[in-house]
Amino acid sequence: MRLKLYFDLENERISIQYRKFLLSFIKFSLSNYDKEEFDKLYNNENVIKPYTFAVFFYGPKFLEEEIILKDKKLELNMSIEDYNIAVKLYNSFNHQKQKEFLIPNNKMILRNISLIQEKEIKEDTIEVKFVSPLIVRDRNQLKRTDMYYSFGNEKFKSTLKINIREQLKISNLPEDIINTFDISPINAKKLIVKFYEKKIEASVGTFELKGDKKLLDYLYKSGMGSKHSSGFGMFNII
Numbered sequence: 532m533r534l535k536l537y538f539d540l541e542n543e544r545i546s547i548q549y550r551k552f553l554l555s556f557i558k559f560s561l562s563n564y565d566k567e568e569f570d571k572l573y574n575n576e577n578v579i580k581p582y583t584f585a586v587f588f589y590g591p592k593f594l595e596e597e598i599i600l601k602d603k604k605l606e607l608n609m610s611i612e613d614y615n616i617a618v619k620l621y622n623s624f625n626h627q628k629q630k631e632f633l634i635p636n637n638k639m640i641l642r643n644i645s646l647i648q649e650k651e652i653k654e655d656t657i658e659v660k661f662v663s664p665l666i667v668r669d670r671n672q673l674k675r676t677d678m679y680y681s682f683g684n685e686k687f688k689s690t691l692k693i694n695i696r697e698q699l700k701i702s703n704l705p706e707d708i709i710n711t712f713d714i715s716p717i718n719a720k721k722l723i724v725k726f727y728e729k730k731i732e733a734s735v736g737t738f739e740l741k742g743d744k745k746l747l748d749y750l751y752k753s754g755m756g757s758k759h760s761s762g763f764g765m766f767n768i769i
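If you're matching positions, the sequence shown starts at 532 in our numbering and goes up one per residue.
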């Protein structure tokens, strides 16, 4: 299920860490609507979530610590692979319509929600555009350190497959389906995103994805890569 949430803001300035307060809104909405589902998803930080999101701003000017918008509006685009969770999130958001939600030095009000039609994947090769940055993380479990790779790094593809394999643990897909996967940049670029206290190397732009249609469909609906449920790795099919 794909949703578009339309918010009005009190003023034109928002934090560069906007993913943090949008995550807070998602959690707040679900916790007030279905505490049991909230506990399943969020009371264990290791639970993999079957969703992703991206944000659209109107005329943004990006500064070091904040974003100045042309209009006092933002759109939250969300894709949820699990239908039951999607329905609960949709209902939880409906319960927050027309209510103020405090964010750093601002307020936002959810005005409307639209359902967006998903595209059907009919081929094993698709061209996609990432609407939120793709993060590929290599975690050293012994040292508890992370390395992040953008598309130009030789470790990008192999590490992304490891990230996807982790995602598939909550799916019904066989683990070896990852062997069908491939990714190639078409018109891509590297960028650095600030998330909490880290500056993370990531990739945006257009890519060609290859793989089993069921795998591509899963990634399309759930997001792809590390931190996909924190507002990364969401793509549209071109």
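Ideal placement from N, C-alpha and C gives every residue a C-beta, glycine not left out.
Note that the structure is predicted; figures quoted are calculated from it, not measured.
Just verifying my parser: in three-state terms, what is the DSSP assignment at residue i?
i, result
"R675", "coil"
"V851", "In this structure the chain extends from 532 to 769, so residue 851 is not present and cannot be described."
"E568", "helix"
"K653", "coil"
"L561", "helix"
"N574", "coil"
Starting from residue i, follow its DSSP beta bridges and name the residues at the other end.
i, result
"N608", "K535, A585"
"R544", "I599"
"K660", "T737, N767"
"E631", "I640"
"F593", "I598"
"D669", "M678"
"L554", "According to DSSP, which records beta bridges pairwise, L554 is partnered with nothing at all."
"I579", "I579 pairs with nothing; no bridge assigned."
"S645", "K535"
My assumption, with CB atoms under 8 Å, is that residue i sits in contact with residue j. Please give the rounded CB distance.
i, j, result
"F569", "L641", "The Cβ separation is near 18 Å, so there is no contact."
"Y582", "G756", "Contact doesn't hold; Cβ gap of about 13 Å is too wide."
"M609", "L540", "Contact flag wrong, Cβ pair sits at about 18 Å."
"I545", "L600", "7 Å"
"L644", "L572", "Here residue 644 is Ile; the residue named in the question, Leu, does not match the sequence. Their Cβ separation, rounded to whole angstroms, is 20 Å, which puts I644 and L572 out of contact at 8 Å."
"K739", "T656", "Looking at the sequence shown, residue 739 is not Lys but Glu. Sure, about 7 Å apart at Cβ, within 8 Å."
"G742", "F712", "4 Å"
"N770", "N542", "With the chain running from 532 to 769 in the structure shown, residue 770 is simply not present."
"I547", "K725", "6 Å"
"V586", "L554", "In fact, because the Cβ distance is near 11 Å, the residues do not count as touching under 8 Å."
"F552", "P635", "7 Å"
"I579", "I731", "With a Cβ gap of about 19 Å, I579 and I731 do not count as contacting."
"K603", "D565", "Actually they do not touch by this definition, with Cβ atoms about 30 Å apart."
"Y727", "E612", "Actually they do not touch by this definition, with Cβ atoms about 25 Å apart."
"L691", "I714", "7 Å"
"Y779", "I768", "Because the chain is modelled from 532 through 769, residue 779 falls outside the range shown and cannot be assessed."
"A617", "M678", "Not a contact, Cβ separation roughly 33 Å."
"S761", "R550", "6 Å"
"E654", "T737", "E654 to T737, Cβ: 16 Å. No contact."
Discussion item. Suppose only complete runs of 4+ residues qualify. What are the alpha helix (DSSP H) ranges in the segment 680-761, listed by chain order?
Written reply: 687-698, 744-753
Discussion item. With three or more beta-carbon pairs closer than 8 Å as the criterion, would you say the segment 651-665 touches the segment 558-570?
Written reply: no
Item to complete: Could you tell me whether the segment 716-726 touches the segment 680-690, where touching means 3 or more Cβ pairs closer than 8 Å?
Response: A contact exists between the segment 716-726 and the segment 680-690.
Practice prompt. Decide if the segment 643-650 is in contact with the segment 698-716; the criterion is three or more beta carbon pairs, one per stretch, under 8 Å apart.
Written response: no
Fill in: Inter-stretch contact at 8 Å, needing at least 3 Cβ pairs: the segment 615-632 / the segment 590-601
no
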